[in-house]
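In terms of my numbering, the sequence shown opens at residue 6 and continues consecutively.
Below: the structure, in structure tokens.
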Amino acid sequence: MSSPAYRKQLDDKKAYIRNLFQGLTTPELEVFESPEEHYRMRAEFRIWHEGDEIFYAMFEPGKKAGGASLIRCDQFAPAYVAINALMPKLIAAVDGKPVLKNRWYAVEFLSTLSGEMLVSMIYHKKLDEEWQAAAEQLQTELDIVIIGRSRGQKLVLSRDFVTEKLAVGNQQFVYRQIEGSFTQPNARVCEKMLAWACDCAEGLGGDMLELYCGNGNFTLPLATRFDRVLATEVSKTSVNAALWNIEANSSNNVAIVRLSAEEFTEAYTGNREFRRLQEQGVVLADYRFSTIFVDPPRAGVDDETLKLVAQFDNVIYISCNPETLRSNLDMLAQTHEICRMALFDQFPFTHHIESGVLLKKR
């Protein structure tokens, strides 16, 4: 049972969405809740040194580091339970090892539902062999994966990724999540987003085009609903992770090309040829696209790509910024009907809202 405070913040978000999308014909809003606590799979902290003591710290938004803005964080309720369990153990273990403690500046945790944990330890000093030996011992002692970072240095002790497992319906998908690359921070809500997108795709058939695919987070579950999927992503790191994920999940009907949304639009409209398409053996004319899936950055879909999106019979759009979604829908609603609309509460007790729409051409 959710608390009154959680209900109120969720009601405020629903009211904001309804107000923002006034003037458009929208269906009833589908709302997907989050756990109130322990929902963030990632967390970042400064390491504060006060005399001989070290502790985790954050700073109040909008204020400079230091002084009254400092907030000590021995525990952090939004972070996943495994992060909170590790936090005191890590501080205690490092406290007795000067080579690990001295000039330790910050730490980043990346946890998973699968039980793996990656910890990036960031320093204001050059990391040498003595640090590496101590860090390797700490890695074994705490059963975690450690990466050391300082200016111009990245020391990977064993690997720079964790493997996550997400359930969608009765099926489980595995994902390689690489340190420093984007992953959905709220795994439980991510599972709900994946299930919702798959439900929207049910029965659409044909092939699907995906822009901004990242590490294949949505690609893999959606591929079970289509004959073939062509996915695009500009980041080399994300493309490499997506290729591993495609193979690990035996998603044999998925092809991925390293192109930005803008570049793919040029290729699709015939305005420019790309060797990367040829190298991947991708012939656009061979696809029979029924659907396009987009999950763009906060800036939304650019105007030229939006013209491409408008050509598709079915559009599934996941957005991390309702304002740019509204702007994009002002154009798309001229040719498409908004059939479904969802709010995913990825970040409880913040103003951030994740949303989704399904559009069908009139």
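Positions of the beta carbon are idealized from the N, C-alpha and C atoms, including for glycine.
| query | result |
| --- | --- |
| How would you call residue 206, buried or exposed, if buried means at least 16 neighbouring beta carbons within 10 angstroms? | buried |
| Pick out whichever of 90, 93, 162 and 62 has its Cα sitting closest to the Cα of residue 78. | 62 |
| Please name the residue or residues paired with residue 361 in a DSSP beta bridge. | 323 and 347 |
| Whole angstroms is fine: what's the gap from residue 288's alpha carbon to residue 154's? | 42 Å |
| What would DSSP say about residue 8, mapped onto helix, strand or coil? | coil |
| So, is residue 341 buried or exposed, given that buried needs 16 or more other C-beta atoms within 10 angstroms? | buried |
| For a test of the three-state rule: what should DSSP assign to residue 26, helix, strand or coil? | coil |
| When the Cα atoms are used, what is the spatial distance from residue 323 to residue 151? | 33 Å |
| Taking only the alpha-carbon atoms, compute the straight-line gap between residue 252 and residue 53 and give it to the nearest angstrom. | 42 Å |
| Suppose contacts are defined by Cβ-Cβ distances below 8 Å. Is residue 246 in contact with residue 163 by that definition? | no |
| Since residue 191 sits in a beta bridge, which residues does DSSP pair it with? | 45 |
| Please report the straight-line C-alpha distance between residue 257 and residue 59, rounded to a whole angstrom. | 49 Å |
| Mind checking residue 13: buried by the 16 CB within 10 Å criterion, or exposed? | exposed |
| Distance, Cα to Cα, residue 348 vs residue 132? | 44 Å |
| Considering Cα atoms alone, identify which of 104, 126 and 119 is closest to residue 92. | 126 |
| What are the uninterrupted segments assigned as alpha helix (DSSP H) that are 4 or more residues long and contained completely in the stretch 268-342, given in chain order? | 280-284, 308-314 and 327-337 |
| Figure out for me which residue from 123, 196 and 109 has the closest Cα to the Cα of residue 161. | 123 |
| Please identify the residue among 331, 159, 168 and 40 whose C-alpha is closest to the C-alpha of residue 180. | 168 |
| What is the rounded straight-line gap between the Cα of residue 236 and the Cα of residue 224? | 7 Å |
| Which partner residues of residue 87 appear in the DSSP bridge assignment? | Answer is none; residue 87 lacks a bridge partner. |
| Give me the Cα-Cα distance between residue 213 and residue 326, rounded to the nearest whole angstrom. | 23 Å |
| Measuring CB atoms only, is the stretch 283-301 touching the stretch 215-224, in the sense that at least three cross pairs come out at less than 8 Å? | yes |
| Closest to residue 55 by C-alpha separation, out of 128, 107, 31 and 119, would be which residue? | 107 |
| Whole angstroms is fine: what's the gap from residue 306's alpha carbon to residue 255's? | 30 Å |
| Name the one or two DSSP bridge partners that residue 160 has. | 153 |
| So, is residue 140 buried or exposed, given that buried needs 16 or more other C-beta atoms within 10 angstroms? | buried |
| Here's the rule: buried if 16 or more other CB atoms are within 10 angstroms of the residue's CB, otherwise exposed. What is residue 270? | buried |
| On the DSSP letters alone, give me the boundaries of the alpha helix (DSSP H) that residue 241 sits inside. | 241-253 |
| Reducing DSSP to helix, strand and coil, say where residue 265 ends up. | coil |
| Is DSSP giving residue 170 helix, strand or coil here? | strand |
| Considering just the uninterrupted stretch of the beta strand (DSSP E) at residue 113, what are its terminal residues? | 109-116 |
| Tell me whether residue 35, by its Cβ, gets closer than 7 Å to a heavy atom of the ligand ADP. | In terms of ligand content, the structure shown is empty, and the ligand ADP therefore cannot be addressed. |
| Grab me the residues of residue 273's own chain with a C-beta within less than 7 Å of its C-beta, minus the 5 sequence neighbours each way, in chain order. | 289 and 313 |
| Check the C-beta distance from residue 113 over to residue 65 and give it rounded, since I have them as a contact under 8 Å. | About 20 Å; that fails the 8 Å criterion. |
| Note the first and the last residue of the continuous beta strand (DSSP E) segment covering residue 3. | There is simply no residue 3 to check, as the chain begins at 6 and stops at 367 in what is shown. |
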